[in-house]
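J.:
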Amino acid sequence: MTADYSEIYGRSINQPNEFWGEVAEAVQWEKKWDTVLDDTNKPFYRWFVGGMLNTCYNAVDYHVQNGRGNQTAIIYDSPVTDTVRKITYGELLEKVSKFAGALRDLGVSKGDTVIIYMPMIPEAPVAMLACARIGAVHSVVFGGFAPNELAIRIDDAKPKVIVSASCGVEGKKVIPYKPLLDEAIRIAGHKPEKCVIFQRSQVEAHLIPGRDFDGETLMSKAKSAGCVAVAATDPLYILYTSGTTGKPKGVMRDNGGHAVALKWSMKYLYGAQPGEVFWAASDVGWVVGHSYIVYAPLLAGCTTIVYEGKPVGTPDPGAFWRVISQHGVSILFTAPTAFRAIKKEDPNAEYLKKYDIGSLRYLFLAGERLDPDTYHWASGMLKIPVIDHWWQTETGWGIAANCMGIEPFPVKAGSPTKAVPGYNVQVVDPEGNALPAGVDGTIAIKLPLPPGCLPTLWKDDKRFLEYVTEIPGFYVTGDGGYIDEDGYLFIMGRIDDVINVAGHRLSTGAMEEVVAKHKAVAECAVLGANEQLKGQVPAGFAVLKAGIDTDPDEIVKELIQMVRADIGAVACFKQCAIVSALPKTRSGKILRSTMRKIANGEEYTIPSTIEDPSVLVGIKEAVAKLGLGLGK
Ligand code: COA
Ligand code: AMP
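Letter 131 of the sequence shown, counting from 1, is numbered 131 in our numbering, and no numbers are missing.
#1: Rounded to whole angstroms, what's the CA-CA distance from E350 to M381? Just pull it up for me.
#2: Kindly examine the ligand COA and report whether one of its heavy atoms sits closer than 7 Å to the Cβ of V501.
#3: How about the region 547-559 and the region 568-579: do they share at least three Cβ pairs that are nearer than 8 Å?
#4: Shortest alpha-carbon distance to K158 belongs to which of V169, Y177 and V137?
#5: Please report the distance separating the alpha-carbon of P192 from that of L180.
#6: Does DSSP classify R211 as helix, strand or coil?
#7: Are the beta-carbon atoms belonging to I197 and S220 less than 8 Å from one another?
#8: Is the distance from the Cβ of V312 to the Cβ of A341 below 8 Å?
#9: Who are the near neighbours of G398 in its chain, counting only those whose CB is closer than 6 Å to its CB and skipping five residues on each side?
#10: Helix, strand or coil for K32 per DSSP?
#11: Let me make sure I understand the geometry here. Which of T241, V411, K545 and M52 has the alpha-carbon closest to that of N379?
#12: With DSSP collapsed to three states, give me the class of P192.
#13: State buried or exposed for I619, treating a residue as buried only when at least 16 other CB atoms are found within 10 Å of its CB.
#14: Closer than 8 Å by C-beta to M1: which residues in its own chain qualify, once you throw out the five before and the five after it? Chain order, please.
#15: Relative to the ligand AMP, is the shortest distance from any of its heavy atoms to the C-beta of V126 smaller than 7 Å?
#16: Take T374 and list the residues in its own chain whose beta-carbon comes closer than 6 Å to its own, dropping the five residues that flank it on each side.
#17: Under 7 Å: does the beta carbon of V287 sit that close to some heavy atom of the ligand AMP?
#18: Name the DSSP beta bridge partners of K584, please?
#19: Exposed or buried, which one is E394 when buried takes at least 16 other CB atoms within 10 Å?
#20: What is the DSSP secondary structure of N500, reduced to helix, strand or coil?
#21: For the region 256-337, list the alpha helix (DSSP H) runs that are entirely contained and at least 4 residues long, ordered along the chain.
#22: Can you give the beta carbon distance from D77 to V323, rounded, assuming they're within the 8 Å contact cut?
#23: Is A127 closer than 8 Å to M120 when the C-beta atoms are compared?
#24: Pick helix, strand or coil for T233, following the three-state DSSP scheme.
#25: Between which residues of its own chain and R153 is the CB-CB distance below 6 Å, once the five residues before and five after are set aside?
#26: Only counting the same chain, and skipping five residues up and downstream in sequence, which positions put a Cβ closer than 6 Å to that of N148?
#27: In angstroms, rounded to a whole number, what distance separates the CA positions of D356 and E345?
#28: Only counting the same chain, and skipping five residues up and downstream in sequence, which positions put a Cβ closer than 6 Å to that of P448?
#29: Is V329 near the ligand COA - that is, is its Cβ less than 7 Å away from at least one heavy atom of it?
#30: Which ranges does the beta strand (DSSP E) cover as unbroken runs of at least 3 residues, wholly within the region 49-86, from first to last along the chain?
#31: P583: buried (16+ other C-beta within 10 angstroms of its C-beta) or exposed?
#32: How big is the Cα-Cα spacing for R494 and T477?
#33: Any idea what DSSP makes of M1, helix, strand or coil?
#34: Where do the N-terminal and C-terminal ends of the beta strand (DSSP E) with K95 fall, by residue?
#35: Does the beta-carbon of A261 have 16 or more other beta-carbons within 10 angstroms, so that it is buried, or is it exposed?
#36: Which term fits N54, buried or exposed, when burial requires 16 or more other beta carbons within 10 angstroms of its beta carbon?
Below you can see the structure in the form of structure tokens.
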């Protein structure tokens with residue numbers, strides 16, 4: 001492709017109304033918009049105001065009506081259950097319409113919320129699309145979260161119905177979901193009226209009469225439901241993501257801007273053509289799963305893969321190559337951690353020799369920083385473009401990327417290249433002044449954000465304002481970094497208390513809240529320490545109350561178990577030390593950034609504000625005992 005980046009980018013920023021108005025023509029509208037960008041209520045911006053559409057119609061019905069009925073829409077590939085199943089667009093329409101009918105029979109209608117707590121089985125995207133079909137708002141909760149986290153989301157989203165399955169299969173482990181769901185509902189203040197459970201052969205869930213319904217039975221009895229037109233600005237989904245406190249943020253996505261941006265991104269960012277197989281090896285519980293397992297590939301008429309497996313161990317480090325060759329994958333999207341896991345087990349890529357992966361054109365990586373080593377290993381081995389791209393749950397699609405459907409730039413390892421059209425990305429100081437090339441600062445996006453990004457947080461405009469008022473006129477991303485003299489963006493990491501563990505976004509603040517609940521703990525700090533495979537892992541430092549004589553090793557075990565029980569195994573909270581004190585400023589603020597540097601073996605200067613520098617000795621000893629101090 002030869003589309004000119006400067007021209008497209010310039011138009012997207014300088015004439016957003018014209019640019020996005022043209023892009024939006026690719027989507028099917030029940031009624032066209034009155035205004036492309038409504039900026040009458042800054043800093044709240046809305047896209048395609050007055051427009052009416054249905055996202056499910058665009059993702060499913062439209063393709064069936066336009067000759068793709070027999071094309072595979074979803075390939076369910078599950079090495080953990082030894083299953084491969086294909087669902088055509090025609091069959092998907094049938095399933096989604098039936099499930100939409102079943103939801104309607106349970107009393108769900110436009111504007112109601114539905115929580116989906118599911119493993120990676122096709123019923124998860126079917127449930128999401130069924131909600132979209134009837135104008136209900138879904139909120140998918142990642143299966144690796146513990147009941148307490150699910151309960152927090154139930155209380156915030158207040159679902160009428162929860163859709164779940166009897167179990168998940170995680171590598172060799174079978175995890176019964178129903179007891180987790182029952183426990184979450186028990187803890188939650190809000191009680192959903194009904195639950196729909198898909199029974200899997202590995203575990204049969206006990207259904208509570210009157211509240212729980214078998215998914216298959218409901219679908220077999222239901223009458224198909226048609227698409228309900230919704231406003232472009234109506235919510236399509238809520239996706240909770242980690243903030244800096246224990247209360248997750250309910251990122252809200254609208255219908256119109258989302259469909260427009262995602263469809264555009266498939267062609268211009270990913271260089272994907274309709275009919276191709278696009279595989280995002282992630283989970284529907286994360287934003288990558290929402291956007292690039294479910295909505296974008298289907299909006300673009302591609303075939304998507306629901307993969308219930310891991311990059312390694314299911315059964316070996318050739319798992320990804322097997323899927324690519326078996327299904328003719330053109331574009332793979334995953335997190336760098338997946339490639340680090342493959343590299344660790346198969347450094348010379350011997351397993352790759354067993355498969356023909358000639359169909360693969362591009363590898364896209366996101367979710368965490370793509371370290372140059374992993375970039376060089378992947379591109380040397382695959383000999384195709386390896387594209388680092390940067391985005392967040394909040395934006396829903398790529399902020400910076402080497403767009404394969406526009407003129408590609410030469411790669412600089414460690415950089416996701418340049419801003420994607422629509423995003424006016426700048427590196428600024430705390431007052432919002434642009435910093436010179438090469439100088440580290442806050443990465444911010446000048447408002448308005450393009451279509452597809454969060455218009456607000458679910459029922460929490462006040463908290464949304466924190467993103468857009470800290471530096472007036474900008475959305476503050478929470479990431480820090482710099483732009484070099486060639487205009488390439490370098491994302492160096494979060495500047496808040498959010499960490500990235502194996503591409504999973506987690507809050508150290510939430511973990512601190514759990515650790516602090518232990519009766520022997522006086523105070524604590526949890527921070528992200530660099531780790532070779534997962535990028536970062538949480539490391540906890542706890543100070544005990546005076547007079548506690550319990551064995552500190554026992555307390556550490558209990559703290560680890562508490563975080564696992566409260567947040568989930570996915571938190572990977574396995575490193576914790578008891579220390580005699582935490583380093584603090586004279587005004588009592590914990591010096592987390594100094595601790596983080598020590599934990600990562602980086603150089604640090606003792607802050608002039610420190611109350612007692614000798615405390616740092618204890619932290620260094622704890623870091624050594626935990627085996628941290630790896631450096632970047
Ligand atoms: N349901 C229940 N438990 C889950 C789960 C789920 N959906 N997903 C993960 N877990 C559990 C794991 O079983 C593990 O439990 P354990 O402590 O008992 O072993 C724990 O949560 C941590 O999971 P994870 O961080 O995924 O570690 P892992 O060792 O199982 O796998 C990788 C490591 C690198 C193979 C894996 O993280 C991976 O494939 N990452 C790719 C990145 C990715 O998909 N990112 C998503 C955003 S793009
Ligand atoms: P999430 O909301 O889970 O997608 O996590 C978003 C965060 O992941 C970002 O704010 C970054 O800190 C990090 N991230 C995502 N992609 C990249 C990337 N390509 N390079 C560096 N960091 C990234």
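In this text, a Cβ means the ideal position worked out from N, Cα and C, and glycines have one as well.
T.: Let me spell this out:
#1: Along the sequence shown, read from residue 1 onward, the residue named residue 350 stands at position 350. Along the sequence shown, read from residue 1 onward, the residue named residue 381 stands at position 381. Distance between the alpha carbons of E350 and M381 is about 10 Å.
#2: Translated into the one-based positions of the sequence shown, residue 501 becomes position 501. Yes, the ligand COA has a heavy atom inside 7 Å of this Cβ.
#3: yes
#4: In the sequence shown, residue 158 corresponds to position 158, counting from 1. Looking at the Cα atoms, V137 is the closest of the given residues.
#5: As a working mapping, residue 192 is identified with position 192 in the sequence shown. As a working mapping, residue 180 is identified with position 180 in the sequence shown. Roughly 15 Å between the two C-alpha positions.
#6: Mapped onto the sequence shown, residue 211 falls at position 211. Collapsing the DSSP output to three states places R211 in coil.
#7: Counting from one through the sequence shown, the residue named residue 197 turns up at place 197. Counting from one through the sequence shown, the residue named residue 220 turns up at place 220. No, Cβ-Cβ distance for I197 and S220 is not below 8 Å.
#8: In the sequence shown, residue 312 corresponds to position 312, counting from 1. In the sequence shown, residue 341 corresponds to position 341, counting from 1. Contact: yes.
#9: Numbered from 1 along the sequence shown, position 398 holds the residue referred to as residue 398. If we look at G398 and ignore the five residues flanking it on each side, its Cβ neighbours are L269, H389, W391 and V420.
#10: If you number the sequence shown from 1, residue 32 lands on position 32. In the structure shown, K32 sits in coil (DSSP, three-state: anything other than H, G, I, E or B).
#11: The residue labelled residue 379 in the question sits at position 379 within the sequence shown. The displayed chain sequence assigns Ser, not Asn, to residue 379. Measuring from the Cα of S379, the nearest candidate turns out to be V411.
#12: As a working note, residue 192 is residue 192 in the sequence shown. Here P192 sits in coil by DSSP.
#13: For this step, residue 619 is matched to residue 619 along the sequence shown. The C-beta of I619 has 16 or more other C-beta atoms within 10 Å across all chains shown, which makes the residue buried.
#14: Your numbering for residue 1 matches position 1 in the sequence shown. With a pLDDT of 46 at M1, under the threshold of 50, the modelled position of that residue is not reliable, and the figure given next carries that caveat. Counting only Cβ-Cβ distances below 8 Å, and skipping sequence neighbours, we find G271, M404, G405, I406 and E407.
#15: The count along the sequence shown starts at 1 and reaches residue 126 at position 126. Flag unset: Cβ of V126 not near the ligand AMP.
#16: Here residue 374 corresponds to residue number 374 of the sequence shown, with the count starting at 1. Hits under 6 Å: P336, F339 and R340.
#17: For the purposes of this step, residue 287 is taken as the residue at position 287 of the sequence shown. Yes, Cβ of V287 sits closer than 7 Å to a heavy atom of the ligand AMP.
#18: Position 584 of the sequence shown, counted from the first residue, corresponds to residue 584. Beta-bridge pairing links K584 to I590.
#19: In the sequence shown, residue 394 corresponds to position 394, counting from 1. Classification of E394: buried, given that the 10 Å Cβ count is 16 or more.
#20: The residue you call residue 500 lines up with position 500 of the sequence shown. Correct three-state label for N500: strand.
#21: 256-268, 296-299 and 319-327
#22: Position 77 of the sequence shown, counted from the start, is the residue given in the question as residue 77. Position 323 of the sequence shown, counted from the start, is the residue given in the question as residue 323. Contact flag correct, Cβ pair sits at about 6 Å.
#23: Walking along the sequence shown from the start, residue 120 turns up at place 120. Walking along the sequence shown from the start, residue 127 turns up at place 127. No, they are not a contact pair.
#24: Taking the sequence shown and counting its residues from 1, the one referred to as residue 233 is at position 233. DSSP places T233 in coil when its eight states are reduced to three.
#25: On the sequence shown, position 153 is the one that residue 153 refers to. Excluding positions up to five away in sequence, the list reads V141 and Y240.
#26: To locate residue 148, count along the sequence shown from 1; it is residue 148. Scanning its chain for C-beta atoms nearer than 6 Å, with the 5 sequence neighbours on each side dropped, one finds around N148 the residues D566, in chain order.
#27: Position 356 of the sequence shown, counted from the first residue, corresponds to residue 356. Position 345 of the sequence shown, counted from the first residue, corresponds to residue 345. Taking the straight line joining both Cα atoms gives about 20 Å.
#28: Walking along the sequence shown from the start, residue 448 turns up at place 448. Once the five neighbours on either side are set aside, the close Cβ partners of P448 are Y45.
#29: As a first step, residue 329 is located in the sequence shown; it is residue number 329 there, counting from the start. Set against 7 Å, the gap from the CB of V329 to the closest heavy atom of the ligand COA is not smaller.
#30: Segments of the beta strand (DSSP E) lying fully in the region 49-86: 72-78.
#31: Position 583 of the sequence shown, counting from 1, holds the residue named residue 583. Buried is the call here.
#32: Translated into the one-based positions of the sequence shown, residue 494 becomes position 494. Translated into the one-based positions of the sequence shown, residue 477 becomes position 477. Roughly 9 Å between the two C-alpha positions.
#33: Locating residue 1 in the sequence shown gives position 1, where the first residue counts as 1. Reliability fails at M1, whose pLDDT of 46 lies under 50, so the model's placement of it is uncertain and no value is given.
#34: As a working note, residue 95 is residue 95 in the sequence shown. From DSSP, K95 is part of no beta strand (DSSP E) but of the alpha helix (DSSP H) over Y89 to D105.
#35: Mapped onto the sequence shown, residue 261 falls at position 261. The residue in question, A261, is buried, as its Cβ has 16 or more Cβ neighbours within 10 Å.
#36: Walking along the sequence shown from the start, residue 54 turns up at place 54. By the neighbour-count rule (16 or more Cβ atoms within 10 Å), N54 is buried.
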